[in-house]
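Chains as they are written, first to last, in this note's numbering: chain A, 93 to 186; chain B, 160 to 366.
Okay, so here's the structure we're looking at.
Now the structure itself:
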């Protein structure tokens with residue numbers, strides 16, 4: 093696409109994103125070493141999703157690219173979330 | 160076709176946007192492949208909570224943590240290499256891709272030692288030891304070997320892709336005006352990182 097200007101992400105942004113991801117990883121390890129019962133898994137998964145979102149938005153350029161990619165990825169994630177929900181309703185209430 | 164003059168200079172058959180959309184479509188199939196495995200894992204863990212908890216203690220958090228950091232850094236170096244080629248800095252692009260390949264290799268070497276340690280104790284798919292495990296333990300280790308193994312295959316494929324890209328940057332076939340291959344290989348590499356981001360807490364950090 094001609095008018096789709098190529099956004100050049102500054103090097104510093106990548107470095108900051110990397111530092112953020114490393115901090116989140118350290119937090120996950122620390123959080124799961126504390127006894128929080130069922131919340132441990134929840135916390136670990138929330139942080140993992142956060143890290144995943146950062147990778148998608150910054151490293152995979154969803155934040156800077158044409159919106160169509162963002163829409164496509166959102167649809168796939170929504171479908172996946174729906175499958176998880178259906179599966180869990182099945183196993184929890186059968 | 161006259162109305163669709165997207166490119167300023169390249170040949171008529173080139174469409175970077177289409178190739179990128181194609182790459183994303185492929186990535187979606189990968190997300191659903193691993194997503195399905197994550198659901199299988201979750202259901203079995205839900206059914207065998209104690210066994211999964213005890214079995215995970217066999218895995219080294221330190222090893223998993225180091226490999227997580229390695230993949231995160233390698234993802235950043237790929238991202239930087241894309242910015243570098245957009246700025247027409249070939250040297251930095253090559254350097255960053257080289258570092259990425261080295262990090263990928265380090266990841267595999269770590270995995271080799273991690274798996275090797277398990278193999279030495281007689282723990283590998285189909286071994287006598289594994290056949291005699293309880294149902295829950297067997298499920299945990301089978302899923303562990305299968306999912307990290309499949310992820311390892313993706314690392315190797317990613318290395319091949321990045322290696323080809325590195326070569327093409329060297330020859331000039333991939334340059335500041337034409338870097339769709341680098342972008343697409345980069346997307347693949349980030350996907351490999353993305354999958355590991357979820358594998359790490361699920362297998363190493365169960366509490």
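We put the beta carbon where it would ideally sit given N, CA and C, even for glycine.
What you are looking at is a predicted structure, and each value in this text was computed from that prediction instead of being measured.
Secondary structure in the segment 196 to 253 of chain B: no beta strand (DSSP E) run of 3 residues or longer lies completely within the stretch. The shortest C-alpha to C-alpha distance from residue 143 of chain A to any of A:129, A:118 and A:183 is the one to A:118. Under the DSSP definition of a beta bridge, residue 269 of chain B lacks any partner. Of the residues assessed, residue 331 of chain B falls on the exposed side of the cut-off, its CB having fewer than 16 other CB atoms within 10 angstroms. For residue 235 of chain B, same chain residues with a beta-carbon under 8 Å away, outside a window of 5 residues either side, do not exist.
Taking 7 Å as the cut-off, the Cβ atoms of residue 271 of chain B and residue 362 of chain B do not count as close. DSSP places residue 294 of chain B within a helical segment (H, G or I) once states are collapsed to three. Excluding five sequence positions before and after residue 240 of chain B, the CB atoms of its chain that fall closer than 6 Å to its own CB belong to 252, 255 and 256, given in chain order. Using beta-carbon distances, residue 144 of chain A counts as an interface residue toward chain B, with a partner under 7 Å. Taking the Cα positions, residue 125 of chain A is about 17 Å away from residue 208 of chain B. Comparing C-alpha distances from residue 353 of chain B to each of A:113, A:121 and A:158 shows the shortest one belongs to A:113.
The beta-carbon of residue 163 of chain A is placed no less than 7 Å from the nearest beta-carbon of chain B. Looking at the DSSP output, residue 173 of chain B sits in no beta bridge, so it has no partner there. The residue from B:357, B:311 and B:218 with its alpha-carbon nearest to that of residue 276 of chain B is B:218. In the DSSP annotation of this structure, residue 130 of chain A is not part of any alpha helix (DSSP H), being labelled neither H nor E.
In terms of beta-carbon proximity, residue 134 of chain A stays away from the interface with chain B, with every pair separated by 7 Å or more. Contacts between residue 140 of chain A and chain B, judged by CB atoms closer than 7 Å, involve 356, 357 and 360 in chain order. Within chain A, the residues 100 have their CB atoms less than 8 Å from the CB of residue 246 of chain B, given in chain order. Residue-level contact check: residue 152 of chain A touches chain B, since one or more beta carbons of chain B fall below 7 Å from its beta carbon.
Spanning the alpha carbons of residue 101 of chain A and residue 298 of chain B requires a straight line of approximately 43 Å. A straight-line Cα-Cα distance of about 43 Å links residue 136 of chain A and residue 173 of chain B. Residue 103 of chain A belongs to the set of residues whose beta carbon lies under 7 Å from a beta carbon in chain B.
Sorting B:349, B:357, B:216 and B:343 by C-alpha distance to the C-alpha of residue 182 of chain B places B:343 at the top. Listed by position along chain A, the residues whose Cβ is nearer than 8 Å to that of residue 183 of chain B are 161, 164 and 165.
Only exposed fits residue 205 of chain B, as fewer than 16 other CB atoms lie within 10 angstroms of its CB. Counting other Cβ atoms within 10 Å of its Cβ, residue 186 of chain B reaches 16 or more and is therefore classed as buried.
Counting C-beta atoms within 10 angstroms of its own C-beta, residue 266 of chain B has 16 or more neighbours from the protein chains shown and is therefore classed as buried.
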